[in-house]
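For the record, in the sequence shown the residue sitting at position 267 is 266 according to numbering that gives the first Met the number 0, with numbers rising by one throughout. Below is one structure, written out as structure tokens; comments come after it.
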Amino acid sequence: MKNIKLAYLLLIAGLTALWLLADNILSIPYDFFAYRASLINYSGIIGIGVMSVGMILAMRPAAMEPLLGGLDKGYRLHKWLGITGLVVSVLHWLLANGPKWMVGWGWMERPQRGPHVEQTNAVFAFFDSQRHLAESIGEWAFYGAVVLMVLALVKWFPYRYFFKTHRILAIAYLALVAHAVVLMKFDYWGEIIGPLMAVLMVAGSVSAVISLTRKVGSQRKARGTIEELEYHPENRVLKVSVKLAGPWAGHKAGQFAFVTFDPAEGPHPFTISSAWQGDGKLFFLIKGIGDYTRSLPSRLKAGDAVVIEGPYGRFEFESDKPGQIWVAGGIGITPFIARMQSLIDKPDAPAVDLFYSTSAPDERFIDHVRQIADAAKIRLHVLVADKDGRLDAERIRKQVPDWKRSDIWFCGPSGFGSALRKDFASNGLSADDFHQELFDMR
Numbered sequence: 000m001k002n003i004k005l006a007y008l009l010l011i012a013g014l015t016a017l018w019l020l021a022d023n024i025l026s027i028p029y030d031f032f033a034y035r036a037s038l039i040n041y042s043g044i045i046g047i048g049v050m051s052v053g054m055i056l057a058m059r060p061a062a063m064e065p066l067l068g069g070l071d072k073g074y075r076l077h078k079w080l081g082i083t084g085l086v087v088s089v090l091h092w093l094l095a096n097g098p099k100w101m102v103g104w105g106w107m108e109r110p111q112r113g114p115h116v117e118q119t120n121a122v123f124a125f126f127d128s129q130r131h132l133a134e135s136i137g138e139w140a141f142y143g144a145v146v147l148m149v150l151a152l153v154k155w156f157p158y159r160y161f162f163k164t165h166r167i168l169a170i171a172y173l174a175l176v177a178h179a180v181v182l183m184k185f186d187y188w189g190e191i192i193g194p195l196m197a198v199l200m201v202a203g204s205v206s207a208v209i210s211l212t213r214k215v216g217s218q219r220k221a222r223g224t225i226e227e228l229e230y231h232p233e234n235r236v237l238k239v240s241v242k243l244a245g246p247w248a249g250h251k252a253g254q255f256a257f258v259t260f261d262p263a264e265g266p267h268p269f270t271i272s273s274a275w276q277g278d279g280k281l282f283f284l285i286k287g288i289g290d291y292t293r294s295l296p297s298r299l300k301a302g303d304a305v306v307i308e309g310p311y312g313r314f315e316f317e318s319d320k321p322g323q324i325w326v327a328g329g330i331g332i333t334p335f336i337a338r339m340q341s342l343i344d345k346p347d348a349p350a351v352d353l354f355y356s357t358s359a360p361d362e363r364f365i366d367h368v369r370q371i372a373d374a375a376k377i378r379l380h381v382l383v384a385d386k387d388g389r390l391d392a393e394r395i396r397k398q399v400p401d402w403k404r405s406d407i408w409f410c411g412p413s414g415f416g417s418a419l420r421k422d423f424a425s426n427g428l429s430a431d432d433f434h435q436e437l438f439d440m441r
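Right, dumping it as structure tokens:
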């Protein structure tokens, strides 16, 4: 998390500092309308800046995964930037329109306008002539973007509709870029902030076109067919075995992929539950949590076509500690199954304690996990919530007295993970030694 927090703060602080270098707000005496003009420019810079970076992150750039700590962290940053863009855009709109309303209501006096300065630069003169059009485009794009961003944040809005409407946001973004290019203060183009904003908007616009043409992740996609389905009704987990027909670069245990079973539904992220053997085969363990995943046992059949995009993620169990503690909550067991498979017959593997907490036990499934754990020489601790009670950090520390010489890998409900992280941190565990995947892509 610290990487994306740092990236977020550096982006906002960097844009603010460069704007202050380009603007005269710190050197002029206070005047409401002069300050308002500067703040309109500032909110425009921040708004289109964070939206541009958010659009770039939506392309799932693999090169940024090491910097941010994985695609899951990149999506969390994407979400923060989207919320920031929404809030700042509303403030920008209020700054532009609020004083006009107050003048109309008689609450403020209209400022005296100075003489219009003719632009000698042909490009700026053209921009000047298009101001009214750019303002209209920006206003309507703002209304559309607000609706689409709010829908993206509302969890009850079905994913299959979110998948389609979120792509339309790229159109609103392109309109806002046109608005920003025309209306950005001309003096800014001669400062550092101008070329930087140009780079961000160009990169964001290219990303928007890629999104609109459905080319996101196209270089990392492989087609295949479903070979076998196995359903565990007691814990509502479906095992989907896939045989790939196209090239696959391979994956590390703990990584995930975007899987498309139905083009109308779009890709969904699932952890790859099998270690890579180089034979073109992999499988996923999918829990019926939402409407879509609950419907998969009845919708899927052997022989169905599937598209796999990936692999993504940095939940790769790399560590210099002599021991590791794995904590799985429910379907969070999936990356650990893949990792255990990869550790079979590996004599130099670290000492591992795996805590598997479940509220919906399926004995056949648990027996399968036990067999893999035994083969990989992993110490497995299974806790059924109704029978064994709640798993917490104190319980883990009692079971693993030497826990300070281990790092912790968690996959499961975010609230459960946050509670463990906070408890272990308060007992001296470094934040760098607690690894958690933020498996929330919207």
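Glycine included, each C-beta is placed from N, C-alpha and C at the ideal position.
How would you label residue i, buried or exposed, when you count the other beta carbons within 10 angstroms and need 16 or more for buried?
i           : result
residue 200 : buried
residue 408 : buried
residue 214 : exposed
residue 101 : exposed
residue 425 : exposed
residue 77  : buried
residue 160 : exposed
residue 370 : exposed
residue 57  : buried
residue 164 : exposed
residue 218 : exposed
residue 212 : exposed
residue 31  : exposed
residue 106 : exposed
residue 75  : buried
residue 184 : buried
residue 139 : exposed
residue 395 : buried
residue 321 : exposed
residue 232 : exposed
residue 431 : exposed
residue 187 : buried
residue 29  : exposed
What distance in whole Å lies between the Cβ atoms of residue j and residue i, which are believed to be in contact at a cut-off of 8 Å?
i           : j           : result
residue 44  : residue 18  : 5 Å
residue 256 : residue 341 : In fact, because the Cβ distance is near 16 Å, the residues do not count as touching under 8 Å.
residue 306 : residue 220 : 6 Å
residue 313 : residue 64  : 6 Å
residue 293 : residue 287 : 4 Å
residue 384 : residue 356 : 7 Å
residue 150 : residue 156 : 5 Å
residue 392 : residue 423 : 5 Å
residue 207 : residue 174 : Contact doesn't hold; Cβ gap of about 10 Å is too wide.
residue 252 : residue 338 : 4 Å
Which value, in whole angstroms, describes the spacing of the CA atoms of residue i and residue j?
i           : j           : result
residue 299 : residue 270 : 18 Å
residue 152 : residue 120 : 43 Å
residue 87  : residue 198 : 21 Å
residue 41  : residue 421 : 37 Å
residue 66  : residue 12  : 18 Å
residue 193 : residue 259 : 40 Å
residue 379 : residue 400 : 15 Å
residue 195 : residue 242 : 45 Å
residue 110 : residue 182 : 20 Å
residue 377 : residue 246 : 32 Å
residue 304 : residue 276 : 21 Å
residue 97  : residue 90  : 10 Å
residue 117 : residue 124 : 7 Å
residue 348 : residue 68  : 23 Å
residue 329 : residue 210 : 33 Å
residue 390 : residue 382 : 7 Å
residue 53  : residue 248 : 27 Å
residue 336 : residue 291 : 24 Å
residue 36  : residue 4   : 30 Å
residue 254 : residue 285 : 15 Å
residue 327 : residue 365 : 13 Å
residue 108 : residue 99  : 10 Å
residue 354 : residue 278 : 30 Å
residue 20  : residue 427 : 42 Å
residue 6   : residue 148 : 21 Å
residue 283 : residue 129 : 53 Å
residue 84  : residue 178 : 15 Å
Tell me, which residues are paired with residue i by DSSP?
i           : result
residue 238 : 229 and 284
residue 354 : 326 and 380
residue 435 : 409
residue 224 : 242 and 304
Does the beta carbon of residue i come closer than 8 Å to any beta carbon on chain C?
i           : result
residue 167 : Here there is only one protein chain, and chain C is not present.
_Residue ranges of each beta strand (DSSP E) within the segment 246-333, 3 or longer_ = Entirely contained in the segment 246-333, the beta strand (DSSP E) runs reaching 3 residues are, in chain order, 255-259, 267-270, 280-286, 304-311 and 322-328.
*Enumerated in chain order, which unbroken segments of the alpha helix (DSSP H) with a length of 4 residues or greater are wholly contained in the segment 103-140?*
Listed in chain order, they are 121-128.
*In the segment 178-218, which residue ranges form an unbroken alpha helix (DSSP H) of at least 4 residues, counting only runs that do not cross its ends?*
Uninterrupted alpha helix (DSSP H) stretches at least 4 residues long and entirely within the segment 178-218 occur at 192-211, given in chain order.
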